[in-house]
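Take a look at the structure set out below.
Residue numbers (my numbering): 716 to 886.
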């Protein structure tokens, strides 16, 4: 078991914290969307572009999704840095670079999430789950986003740099 843990620790931890990040995102969405929908009720068309109509309902879903994304990104950065990829340095230059690379990568996948969920809802995937509109679309988009986020974090943001040969020889 220990060898399996050592071999797959990073992936296991990413999945655990990925699920927790997704729960932070979903719970935030589930709390914010009904409040925004009540405040911005109505299917009055605000804007029409091509075959897409922006209504107050769609705008409420978009805003709830964005707020949920921000909460998830903040939670994910801390957990990924500390427990998943074990980035030890909190020197401002290192932490700042990691944070902004993390935010940039999450912005890329965030665009997919922000526009993907309302687009799928507008295209007919407005299935209510647990009493929350658009939740089926949110789940589908979330699966794709989790996979892309791991690739960005592993290969770009928290990649393990090999120490210089001189340091290895000193040890």
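Backbone N, C-alpha and C define an ideal beta-carbon position, used for all residues, glycine too.
Residues of its chain near residue i, where Cβ-Cβ distance is below 8 Å and the 5 sequence neighbours each way are ignored
i, result
"residue 728", "798 and 799"
"residue 886", "At residue 886 the pLDDT is 49, less than 50, meaning the model places this residue with poor confidence; the figure from the coordinates comes in the next sentence. For residue 886, where only same-chain residues beyond five positions count, there are no Cβ hits under 8 Å."
"residue 759", "770 and 771"
Exposure label - residue i; buried when at least 16 CB within 10 Å
i, result
"residue 783", "buried"
"residue 882", "With a pLDDT of 49 at residue 882, under the threshold of 50, the predicted position of this residue should be treated as unreliable, and no value is reported."
"residue 733", "buried"
Terminal residues of the beta strand (DSSP E) in which residue i lies
i, result
"residue 764", "760-764"
"residue 768", "767-770"
Residues near residue i by beta carbon distance below 7 Å, same chain, minus five either side
i, result
"residue 849", "776, 832, 836 and 841"
"residue 718", "none"
"residue 756", "771"
Boundaries (first-last residue) of the alpha helix (DSSP H) holding residue i
i, result
"residue 748", "717-754"
"residue 821", "807-837"
"residue 853", "850-867"
Reference residue i, options the options, closest by Cα
i, options, result
"residue 854", "766, 720, 755 and 829", "829"
"residue 741", "856, 767 and 874", "856"
"residue 843", "725, 868 and 749", "749"
"residue 839", "851, 774, 846 and 845", "851"
"residue 858", "812, 723 and 737", "737"
Beta-carbon separation (whole angstroms), residue i vs residue j, contact threshold 8 Å
i, j, result
"residue 824", "residue 780", "The pair is not a contact, with the Cβ atoms about 13 Å apart (cut-off 8 Å)."
"residue 816", "residue 871", "6 Å"
"residue 802", "residue 867", "At roughly 14 Å, the Cβ-Cβ gap does not stay under 8 Å, so residue 802 and residue 867 are not in contact."
Sequence-distant residues of the same chain with beta carbon closer than 6 Å to residue i, five excluded per side
i, result
"residue 787", "736, 739 and 740"
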